[in-house]
Amino acid sequence: MKIKENSSLKYISILALIGAMFLIIFILEQLLPPTSMLFMVLKKGAIYSLVAVSLNLLCGFTGLFSLGHAGFMLIGAYTYAIFTIPLEARNAVYQYFDGGIINFTLPVPVALLAAGACAAVFAFLIGLPVLRLKSDYLAIATLGFAEIIRAIFQWDKLGPITNGSNVLRKFPSFSSTIFPFAVAGLCIAIIVLLINSSYGRAFKAIRDDEIAAEAMGINLAKHKQLSFTISSFFAGIGGALLAMFQTTVQAAAFKSSMTYEILLIVVIGGMGSVTGSCISSFLFIAASEWWLRFLDDETYIGSFKVPLLRSGFRKVVFSVVIMIIVLFYQRGIMGTKELSMDAIGRFFRKFKKEEDVA
Amino acid sequence: MDFINAFLPYILADIEKTTPDAIRIADYLPYILAGISVGGQYALISIGYTMVYGILRLINFAHGDIFMVAGFVMIYLSATLPLHISAVFVILITMLLGFVVERVAYKPLRNAPRMSIMISAIGVSYLLQNCAWYFTSGLAKQYPEIPWISESITIGSATTKIVTILTPVLTIILVAALVFLIKYTKIGMAMRAVSKDFETSRLMGIKINTVISITFLIGSFLAAVASLLYFTNYTTVTPVAGAMPGLKAFVAAVFGGIGSIPGAVVGAFIIGICENLIKGAGWTTFSDAFTFALLIIILVAKPTGLFGEKSTDKV
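As you go down the protein sequences, you meet chains A and B in turn.
All you need for our numbering is the position in the first sequence, starting with 1, plus 23.
Mapping to our numbering: the second sequence position 97 is 96, numbers consecutive.
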């Protein structure tokens, strides 16, 4: 009985925490101007959290090393954009293709789901041949597929649907920070539930030892396919959110460097830690877009010009920091551990004990 | 060369007569030539990938960026030094860079999981690109015109630069020298031993770190030569200029069977020629995609590549 009480207490405290988080965001939105850098970081951080967690499901929990994530985000972003551009704006957006051939729109939630579903279908088809490959070969094959997807979406002949290599714009986006938090939070919650289910345990078994997992009766092909498809589903939704955030979409932006960025976030957070991925995406975005921004401006102290500071220096410092983390903190911020109420509780209890001893 | 020049128009005219409406070789000749040339450049880069993979089992994502840095070093050096001296310095500096990257970013992770080293490689690539961006403010820089090799030459109906002809010749000479080095010298024997079995060769007294460093030096040397040839053709260098050639060279290495040097060279020529023929057919959007499609087909059909050894999993 006691265990049950404990767990219900835990759920209540988690819900309270989530509620408090939304409340804080709400209050902040009332207090600060909406152009504040903080909101930009929070929005992008939430979106990258979702994408990083979905990649973590694949790399950290199933041990499949995929470099095709940007491709699935691209599919999601395009699916969302194509189906939600209002009819009256289509002539302006598809100016070279006579307003395009799709003449209906979907409501935003349906379009988000469609974005995920579309990415998942592509992932399923790609997974059929590719998932038989091992480690490095899988990485390079998925990278190849992402590049192929990017080329297809830029193809002139598909212009009436994808607008060729021109930007898609004027689709509905969000203004409040709460929206990306809610969507990303919901998706991450679903992923966490999946990881804690019997499927999740099968994924971890495959990660730890494929042969042993197979001997225990886990269907390797099925579970790998499942993990790949689900991960891409959420990458698709993440791509759609990113499209909403940027308010424009262009296939050329979804390069392999985007995948590398997400992979770095996952590694910095710790492979196999959901909370680690979330924390590191906020840190990553905040550091690269906000905190280090001063390094890009030429600064004078009195009449002394601070050396080195000039446009682009921020990125150099940032990549040096990343290299230091990769070289000296290989396990990332969280390793494979999770930040949970228990862990925080334990931390404080330990802290208190130490105080008592002192 | 004159001999070919004299006869080629007749041969080509003959072919045109027999195939009036079908594909005419004369139209495609410039593309084939460009393909052979770029294939040779990919071959030089891909050897760096394939040797490093053969020894460390690492996809060295930073290799393409080392190639890019070589391009920028040439631009900055040639602003003050004469071209032939700066070319020598470019090669030396690039080799030094490859050596330093290995020592700083890969050596500390020798006992770490393979994934960590790969991430480190991605990190180095990110760092090199950002540094290049910082030094150039993100602007494309004009590559200096190297006399003689950037002069024009006419072959049959196609006009091209001398570098187009020079590249495959130089590639084959360098590859032959490399194969000789690997087959018949002591260090080559050590390399082969290390790529066969890391631990055993260490027990046999081979200084692994030296061997790995030499592998990186050779890879960077070939990348520097490739950058001299490649950027003479493409004339501008940007901080991301190394990414695509790097990826394609890697694809070539996988295509030919990673770890095999002849495989990488054959793969690179096939990819270079196919890519340019597709451009010639007016499908420029798909020239990159095609490379990867080819890669996926070969990976699915023959996962170890054209010349790769079959590996078996031991439980």
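Yeah, the Cβ is synthetic: ideal placement off N, Cα and C, and Gly gets one too.
Own chain residues within Cβ distance below 6 Å of residue 77 of chain A, not counting five before or after: Here residue 77 of chain A refers to the residue found at position 54 of the first sequence. Apart from the 5 residues on each side of it in sequence, residue 77 of chain A sits with its Cβ closer than 6 Å to the Cβ of 254, 257, 258 in its chain, given in chain order.
- request: Determine the extent of the alpha helix (DSSP H) in which residue 67 of chain A is found, giving its start and end residues.
  value: By one-based count along the first sequence, residue 67 of chain A stands at place 44. For residue 67 of chain A, the enclosing alpha helix (DSSP H) starts and ends at 60-79.
query: Which one of B:48, B:38, B:294, B:28 has the shortest CA to CA distance from residue 217 of chain B?
result: Position 218 of the second sequence holds residue 217 of chain B. Selected option, being the one with the closest Cα: B:48.
- prompt: In angstroms, rounded to a whole number, what distance separates the CA positions of residue 31 of chain A and residue 367 of chain A?
  reply: What you label residue 31 of chain A is simply residue 8 of the first sequence in a count that begins at 1. What you label residue 367 of chain A is simply residue 344 of the first sequence in a count that begins at 1. Approximately 17 Å between the Cα atoms of the pair.
message: Quick check: the Cα distance between residue 20 of chain B and residue 36 of chain B, rounded to an integer number of angstroms?
response: Locating residue 20 of chain B in the second sequence gives position 21, where the first residue counts as 1. Locating residue 36 of chain B in the second sequence gives position 37, where the first residue counts as 1. The predicted model places residue 20 of chain B with a pLDDT of 49, which falls under 50 and marks its position as unreliable; any figure quoted below should be read in that light. Cα to Cα, residue 20 of chain B sits roughly 28 Å from residue 36 of chain B.
message: Taking the straight line between their C-alpha atoms, what separation do you get for residue 212 of chain B and residue 99 of chain B?
response: Taking the second sequence and counting its residues from 1, the one referred to as residue 212 of chain B is at position 213. Taking the second sequence and counting its residues from 1, the one referred to as residue 99 of chain B is at position 100. Cα to Cα, residue 212 of chain B sits roughly 9 Å from residue 99 of chain B.
- prompt: Which residue from B:249, B:180, B:233 puts its Cα closest to that of residue 159 of chain B?
  reply: Here residue 159 of chain B refers to the residue found at position 160 when the second sequence is read from its first residue. Of B:249, B:180, B:233, the residue nearest in Cα terms is B:233.
task: Please list, in chain order, all residues of the same chain as residue 226 of chain A whose beta carbon is under 6 Å from its beta carbon, the five residues on each side excluded.
output: Numbered from 1 along the first sequence, position 203 holds the residue referred to as residue 226 of chain A. Leaving aside the five residues that flank residue 226 of chain A on each side, the residues in its chain whose CB is nearer than 6 Å to its CB run, in chain order, 84, 85, 250.
- prompt: Should residue 213 of chain A go down as buried or exposed, given a rule of 16 or more other Cβ atoms within 10 Å for buried?
  reply: The residue labelled residue 213 of chain A in the question sits at position 190 within the first sequence. With fewer than 16 other Cβ atoms within 10 Å, it is exposed.
message: Assuming residue 267 of chain B and residue 248 of chain B are in contact, meaning their beta carbons sit under 8 Å apart, how far apart are those beta carbons, in whole angstroms?
response: Within the second sequence, the letter at position 268 stands for residue 267 of chain B. Within the second sequence, the letter at position 249 stands for residue 248 of chain B. Confirmed, about 6 Å.
- request: Express the C-alpha separation of residue 304 of chain A and residue 300 of chain B in angstroms, rounding to a whole number.
  value: One-based indexing of the second sequence puts residue 300 of chain B at position 301. One-based indexing of the first sequence puts residue 304 of chain A at position 281. It is roughly 38 Å from the alpha-carbon of residue 300 of chain B to the alpha-carbon of residue 304 of chain A.
message: Less than 6 Å between C-beta atoms, sequence neighbours within five positions excluded: which residues of the same chain meet that for residue 189 of chain B?
response: Start at 1 with the first residue of the second sequence, and residue 189 of chain B comes out as number 190. So the list reads 205, 210, once near-sequence residues are dropped.
query: Distance, Cα to Cα, residue 24 of chain A vs residue 363 of chain A?
result: What you label residue 24 of chain A is simply residue 1 of the first sequence in a count that begins at 1. What you label residue 363 of chain A is simply residue 340 of the first sequence in a count that begins at 1. Because the pLDDT of residue 24 of chain A is 48, which lies under 50, any placement of that residue in the model is unreliable, and the question is left without a value.
task: Can you give me the Cβ contacts of residue 164 of chain A inside the same chain, cut-off strictly under 7 Å, excluding the 5 residues immediately before and after it?
output: Your numbering for residue 164 of chain A matches position 141 in the first sequence. If we look at residue 164 of chain A and ignore the five residues flanking it on each side, its Cβ neighbours are 153, 156.
task: Using three-state DSSP, classify residue 280 of chain B as helix, strand or coil.
output: The residue given as residue 280 of chain B occupies position 281 in the second sequence. Note: residue 280 of chain B maps to coil in three-state DSSP.
Contact belief for residue 254 of chain B with residue 277 of chain B at Cβ below 8 Å, rounded distance in angstroms: The count along the second sequence starts at 1 and reaches residue 254 of chain B at position 255. The count along the second sequence starts at 1 and reaches residue 277 of chain B at position 278. The C-beta separation of residue 254 of chain B from residue 277 of chain B comes to about 16 Å, leaving the pair out of contact by the 8 Å criterion.
is_contact[residue 197 of chain B, chain A] using C-beta, thresh 8 Å: By one-based count along the second sequence, residue 197 of chain B stands at place 198. Taking 8 Å as the CB threshold, residue 197 of chain B stays off the interface with chain A.
query: Whole-angstrom Cβ separation of residue 382 of chain A and residue 151 of chain A, contact assumed at under 8 Å?
result: This structure cannot speak to residue 382 of chain A, because chain A is shown only from 24 to 381.
message: What are the residues in the segment 98-128 of chain B lying within 9 Å of chain A by C-beta distance?
response: Cβ contacts with chain A come from 103, 104, 107, 108, 111, 112, 113, 114, 115, 117, 118, 119, 121, 122, 123, 124, 125, 126, 127, 128.
message: If you measure between the beta carbons of residue 143 of chain A and residue 106 of chain A, is that distance less than 8 Å?
response: Sequence index remark: in the first sequence, residue 143 of chain A carries index 120 (1-based). Sequence index remark: in the first sequence, residue 106 of chain A carries index 83 (1-based). In terms of Cβ geometry, residue 143 of chain A and residue 106 of chain A do not form a close pair [threshold 8 Å].
- prompt: Does residue 101 of chain A have its Cβ less than 8 Å from a Cβ in chain B?
  reply: By 1-based counting over the first sequence, the position of residue 101 of chain A is 78. Contacts with chain B at 8 Å (Cβ-Cβ) do not include residue 101 of chain A.
Every unbroken alpha helix (DSSP H) within the segment 158-182 of chain A, with a cutoff of 4 residues, ordered by chain: Runs of the alpha helix (DSSP H) lying entirely within the segment 158-182 of chain A and spanning at least 4 residues, in chain order: 158-176.
query: Quick one, are the C-beta atoms of residue 54 of chain B and residue 193 of chain B less than 8 Å apart?
result: Position 55 of the second sequence, counted from the start, is the residue given in the question as residue 54 of chain B. Position 194 of the second sequence, counted from the start, is the residue given in the question as residue 193 of chain B. Inclusion of residue 54 of chain B and residue 193 of chain B in the CB contact set at 8 Å is warranted, their separation being smaller than that value.
query: When Cβ atoms are compared, which residues of the segment 247-281 of chain B fall closer than 9 Å to chain A?
result: Correct list: 249, 250, 253, 257.
field: Bounding residues of the beta strand (DSSP E) (the contiguous stretch that carries residue 153 of chain B)
entry: Taking the first residue of the second sequence as position 1, residue 153 of chain B is located at position 154. Its beta strand (DSSP E) spans residues 151-154.
- request: For residue 141 of chain B, write down the residues that DSSP places opposite it in a beta bridge.
  value: As a working note, residue 141 of chain B is residue 142 in the second sequence. Bridge pairing for residue 141 of chain B: B:235 [DSSP].
- request: Answer yes or no: do residue 143 of chain B and residue 44 of chain B have a C-beta to C-beta separation smaller than 8 Å?
  value: Working through the second sequence from its first residue, we reach residue 143 of chain B at position 144. Working through the second sequence from its first residue, we reach residue 44 of chain B at position 45. Going by beta carbons, residue 143 of chain B and residue 44 of chain B fall outside the 8 Å limit.
- request: Can you pull the chain B residues whose beta carbon is under 8 Å from the beta carbon of residue 160 of chain A, in chain order?
  value: For this step, residue 160 of chain A is matched to residue 137 along the first sequence. Within 8 Å Cβ-Cβ: 253, 298, 302.
field: Residue ranges of each beta strand (DSSP E) within the segment 326-375 of chain A, 3 or longer
entry: Secondary structure remark: continuous beta strand (DSSP E) runs of at least 3 residues inside the segment 326-375 of chain A: none found.
- prompt: Taking the Cβ atom as the reference point for each residue, do residue 356 of chain A and residue 291 of chain A lie within a distance shorter than 8 Å?
  reply: If you number the first sequence from 1, residue 356 of chain A lands on position 333. If you number the first sequence from 1, residue 291 of chain A lands on position 268. Contact flag set, yes.
- prompt: Counting pairs of beta carbons, one from the segment 324-334 of chain A and one from the segment 88-98 of chain B, are three or more of them closer than 8 Å?
  reply: In short, these stretches do not touch, since the Cβ pair count stays below three.
query: Where residue 73 of chain A and residue 208 of chain A are concerned, what is the direct C-alpha to C-alpha distance, given to the nearest angstrom?
result: Taking the first residue of the first sequence as position 1, residue 73 of chain A is located at position 50. Taking the first residue of the first sequence as position 1, residue 208 of chain A is located at position 185. In this structure, the CA atom of residue 73 of chain A is about 8 Å from the CA atom of residue 208 of chain A.
message: Could you compute how far the alpha carbon of residue 115 of chain B sits from the alpha carbon of residue 230 of chain A?
response: Residue 115 of chain B sits at position 116 when you count from the first residue of the second sequence. Residue 230 of chain A sits at position 207 when you count from the first residue of the first sequence. Approximately 16 Å, taken between the alpha carbons.
message: Measuring straight from C-alpha to C-alpha, what distance separates residue 52 of chain A and residue 260 of chain A?
response: One-based indexing of the first sequence puts residue 52 of chain A at position 29. One-based indexing of the first sequence puts residue 260 of chain A at position 237. Take the alpha-carbon of residue 52 of chain A and the one of residue 260 of chain A: they are about 24 Å apart.
- request: Kindly say whether residue 76 of chain B, judged by its beta-carbon, lies nearer than 8 Å to any beta-carbon of chain A.
  value: As a first step, residue 76 of chain B is located in the second sequence; it is residue number 77 there, counting from the start. With 8 Å as the cut-off, residue 76 of chain B does not count as an interface residue toward chain A.
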